[in-house]
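Protein chains in written order, with this note's numbering: chain A, 23 to 135; chain B, 14 to 125.
Backbone N, C-alpha and C fix where the C-beta goes; we use that ideal spot for every residue, glycine too.
Computed from a predicted structure; not experimentally measured.
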């Protein structure tokens, strides 16, 4: 069974550009969460989607948006990229919106130059 | 969710038990203790969780004090592949977003 898959693995963008990151959860998992991990820090929560609805949002500006599709895959969009958006973006899935460990993907390394 | 406090770094000899402490003195009765680890350049990996009782699985054991104000993650026979950052998280399942709050964790280095 495939784990959580994220694409692309690495990405370089210029300031001001837009980026879309993609995540496919484990088959059967209905909850998808996005995290940002800046170098040297722990992951920070950005969004959670469950059953295609946004269930929570972290302290991130409106430049960050996400959605979840009928097949439970998800996209994270970031507009007007800043140098500070350079980070590892992690996607995690969970079968239910509750107990149990989240399964994380390996992440997308975004570099903004 | 309650804040957790962990040592910044620890070393452990290969083959010995690694005992990683975590303080969560403000934990509430319905908050679970979760442990994740992150090996360099990978996503965090779930290890174990518990509420009151000690727990054991194929990866580790979790010892929670009776007052629930602290816990210890035990890797019984540390290997070089256990070198990672270990995160202790106090987490309450709620009706809204179920987001995990990662602190800075403990960097465990297993020494040959």
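| task | Check the Cβ-Cβ distances between residue 99 of chain B and every residue of chain A, and say whether any is below 7 angstroms. | result | no
| said: Does the segment 84 to 92 of chain B come into contact with the segment 24 to 40 of chain B, if we say contact requires no fewer than three beta-carbon pairs (one atom in each stretch) closer than 8 angstroms? | reply: yes
| field | Which listed residue (A/125, A/135, A/97 and A/132) has its alpha carbon closest to that of residue 50 of chain A | value | A/125
| Residues of the segment 50 to 72 of chain B whose Cβ lies closer than 9 angstroms to any Cβ of chain A, in chain order | 51, 54, 55, 56, 57, 58, 59, 60, 61 and 62
| said: Count Cβ pairs between the segment 53 to 71 of chain A and the segment 35 to 42 of chain A that sit closer than 8 angstroms; are there 3 or more? | reply: no
| said: Pull the bridge partners of residue 24 of chain B from the DSSP assignment, please. | reply: B/122
| request: Please compile the residues from chain A whose C-beta is within a distance smaller than 8 angstroms of the C-beta of residue 116 of chain B. | output: 64
| request: For residue 112 of chain B, return the contacting residues in chain A, with the cut-off set at a CB-CB distance below 7 angstroms. | output: 55, 67, 70, 78 and 80
| message | Is it the case that the segment 26 to 35 of chain A contacts the segment 64 to 71 of chain A, given that we only count it when at least three CB pairs across the two stretches are under 8 angstroms? | response | no
| field | Member of B/71, B/73 and B/83 whose CA lies at the smallest distance from the CA of residue 64 of chain B | value | B/83
| query | Is the number of C-beta pairs between the segment 105 to 118 of chain A and the segment 67 to 74 of chain B that are closer than 8 angstroms three or more? | reply | no
| Within chain B, partners of residue 126 of chain A - CB distance below 9 angstroms | 49, 51, 55, 56, 57, 58 and 59
| query | Just reading off the beta strand (DSSP E) that residue 114 of chain A is part of, what are its end residues? | reply | 109 to 116
| task | Decide if residue 47 of chain A is buried, meaning its Cβ has at least 16 other Cβ atoms within 10 Å, or exposed. | result | buried
| Straight-line gap, residue 96 of chain A to residue 84 of chain A (C-alpha atoms, nearest Å) | 17 angstroms
| task | Can you pull the chain B residues whose beta carbon is under 8 angstroms from the beta carbon of residue 98 of chain A, in chain order? | result | Those within 8 angstroms of residue 98 of chain A in chain B number zero; the least Cβ separation is about 14 angstroms.
| In whole angstroms, what separates the C-alpha of residue 91 of chain A from that of residue 98 of chain A? | 12 angstroms
| field | Nearest residue (CA-CA) to residue 70 of chain A, options A/61, A/62 and A/94 | value | A/94
| query | Between which two residues does the beta strand (DSSP E) containing residue 97 of chain A stretch? | reply | 96 to 100
| Exposed unless 16 or more other CB atoms sit within 10 angstroms - verdict on residue 97 of chain B | buried
| field | Burial state of residue 57 of chain B, where buried means 16 or more other Cβ atoms lie within 10 Å | value | buried
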